[in-house]
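S.K.: Here the sequence shown stands for residues 57 to 341, where the numbers follow the working numbering.
Every residue gets a Cβ at the ideal spot worked out from N, C-alpha and C, and that includes glycine.
Before I ask anything, here is the structure I am working with.
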Amino acid sequence: MTKLKIAIQKSGRLSDGSLNLIRQCGIKIPRMKGALKAEASNFPLEFLFLRDDDIPGYVQDGVADLGIVGANEAVEKDKNVDTVHHLGFSKCRLSIAIPKDKKYDGLKDLDGKSIATSYPKILGDYLKENGVTADIHEISGSVEIAPNIGLADAICDLVSTGSTLMQNNLKEVESIFDSEALMIATPGLSEEKKAIVDQLLFRINAIQTADNNKYILLNAPKENLDTIINLLPGMRSPSILPLANEEYVSIHTVIAEDDFWSKIEALKEAGAEGILVVPIEKMIL
């Protein structure tokens, strides 16, 4: 039986997000502490638990058919892989930061300075595009400490909340790259493996669509039905159900959560009441 091998970060936030997504797809993953391999019991998928910066190379070489990796690592390693899908979690940014007490008037302030980073390619490309010449000092970890020990004038590292920068008396001055989890694949997969990838993506899309939408139930006076339907069109058309009070109906529909919040006042003005907002587990269009 044909199986896909998928490489996932062995620990950390990206690993947690990847495993959570796969479990939401209904795929059962037995995981023993410290194990580097596992097989799904109900889907043709084998898992390899690796360092995140090794994943693009393993996927390029076909050791793994698929990989879930941060866009920052995919771009930095610059391997020959196909981007299959943007997964939308583990969002962060790659930013340049300098000591809090240093003045900063723009990128030109970095001319001739030393910048410590684990992402020399992304940083180098960015500086070149902006006409800045700086000395890039590549280090593999604890980048934030570099200015404090005199190793560099600035750093370029991943930022999520910014708390690590604050703890090291640094301030973010330039955001140069936005990252999120990606699914990457070995180019030229067989038709059998492509079919399994399509099955996996079908499940992932159902989950992502559900995450971005909510199921809405509300009661409304019949006389305002057209106004409310125009506010909540639903996927095609909302469901209208009769109530014991013949002057009212119950309206059921699906709407993007952001759209709902932007229309809530108009719904209330149109007489909507008893509004319920329910999360959707899966949504197939």
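(1) Identify the continuous alpha helix (DSSP H) that holds Lys249 and give its terminal residues.
(2) Phe103 by DSSP, collapsed to three states: which one?
(3) Do you know whose CA, among Gly90, Gln116, Ala241 and Gly113, lies nearest Phe105's CA?
(4) For Gly330, which three-state DSSP category applies?
(5) Rounded to the nearest angstrom, what separates Ile195 and Leu245 at their Cα positions?
(6) When DSSP builds the beta bridges, which residues end up paired with Lys175?
(7) Expressed to the nearest angstrom, what Euclidean distance is found between the alpha-carbon atoms of Asn98 and Lys270?
(8) Is Leu122 closer than 7 Å to Ile62 when the C-beta atoms are compared?
(9) What do you reckon, are the CB atoms on His193 and Ser174 nearer than 7 Å?
(10) With respect to the alpha helix (DSSP H) encompassing Ala127, which residues constitute its N-terminal and C-terminal limits?
(11) Classify Ile320 as helix, strand or coil using the three-state DSSP reduction.
(12) Just how far apart, CA to CA, sit Tyr114 and Ser231?
(13) Give the straight-line distance between the Cα atoms of Gln223 and Glu185, rounded to the nearest whole angstrom.
(14) Is Gly73 buried or exposed, if buried means 16 or more other CB atoms sit within 10 Å of its CB?
(15) When the Cα atoms are used, what is the spatial distance from Glu102 to Ala127?
(16) Which runs of the beta strand (DSSP E) spanning at least 3 residues fall entirely within the stretch 182-227, listed in chain order?
(17) In the DSSP assignment, the beta strand (DSSP E) including Tyr304 goes from what residue to what residue?
(18) Would you mind stating whether Ser146 and Leu75 have Cβ atoms separated by less than 7 Å?
(19) Look up Gly82 in the DSSP assignment and give the residues it is bridged to.
(20) Could you tell me the boundaries of the alpha helix (DSSP H) in which Asp109 lies?
(21) Confirm, please, whether the CB-CB distance from Ile152 to Cys81 is below 7 Å.
(22) Cα separation between Asp117 and Asp165?
(23) For the putative contact between Asp240 and Ala130, defined by C-beta atoms under 8 Å, what is the C-beta separation to the nearest angstrom?
(24) What does a CB cutoff of less than 6 Å around Lys319 pick up in its chain, not counting 5 residues either side in sequence?
(25) Looking at the unbroken beta strand (DSSP E) that takes in Ile154, where does it start and where does it end?
(26) What do you reckon, are the CB atoms on Lys177 and Glu132 nearer than 7 Å?
(27) Quick check on Lys249: buried or exposed, where buried means 16 or more other Cβ atoms within 10 Å of its Cβ?
(28) How is the alpha helix (DSSP H) around Leu281 delimited, first residue to last?
M.R.: Working from what's here:
(1) Looking at the DSSP string, the run of the alpha helix (DSSP H) that includes Lys249 is Glu247 to Asp267.
(2) In the structure shown, Phe103 sits in a strand (DSSP, three-state: E or B).
(3) Of the candidates Gly90, Gln116, Ala241 and Gly113, the one whose C-alpha sits nearest the C-alpha of Phe105 is Gly90.
(4) Look at Gly330 here: in three-state DSSP terms it is strand.
(5) Each residue's Cα considered, the two are about 35 Å apart.
(6) The residue asked about is misnamed: residue 175 is Tyr in this sequence, not Lys. Answer is none; Tyr175 lacks a bridge partner.
(7) Each residue's Cα considered, the two are about 29 Å apart.
(8) Ile62 is a Cβ neighbour of Leu122, given a cutoff of 7 Å.
(9) For His193 and Ser174, no; Cβs fall outside 7 Å.
(10) It spans Ala127 to Lys133 - the alpha helix (DSSP H) in which Ala127 sits, taken as one unbroken run.
(11) Here Ile320 sits in helix by DSSP.
(12) Distance between the alpha carbons of Tyr114 and Ser231: 29 Å.
(13) Distance between the alpha carbons of Gln223 and Glu185 is about 31 Å.
(14) Residue environment for Gly73: buried (at least 16 other C-beta atoms within 10 angstroms of its C-beta).
(15) When rounded, the separation of the alpha-carbon atoms in Glu102 and Ala127 is 22 Å.
(16) Listed in chain order, they are 191-194 and 210-215.
(17) Note, Tyr304: beta strand (DSSP E), Tyr304 to Ala312.
(18) Between Ser146 and Leu75, the C-beta spacing is not below 7 Å.
(19) For Gly82, which the question treats as bridged, DSSP gives no partner whatsoever.
(20) Careful: Asp109 lies outside any alpha helix (DSSP H) and carries neither H nor E.
(21) If you check the CB distance, Cys81 and Ile152 do not come in under 7 Å.
(22) Whole-angstrom Cα-Cα distance: 41 Å.
(23) According to the sequence shown, residue 240 is Ile rather than Asp. Sure, about 6 Å apart at Cβ, within 8 Å.
(24) So the list reads Leu287, once near-sequence residues are dropped.
(25) Counting along the chain, Ile154 sits inside the beta strand (DSSP E) bounded by residues Cys148 to Pro155.
(26) Taking 7 Å as the Cβ cut-off, Lys177 and Glu132 qualify as a contacting pair.
(27) Label assigned to Lys249: buried.
(28) Looking at the DSSP string, the run of the alpha helix (DSSP H) that includes Leu281 is Leu281 to Leu287.
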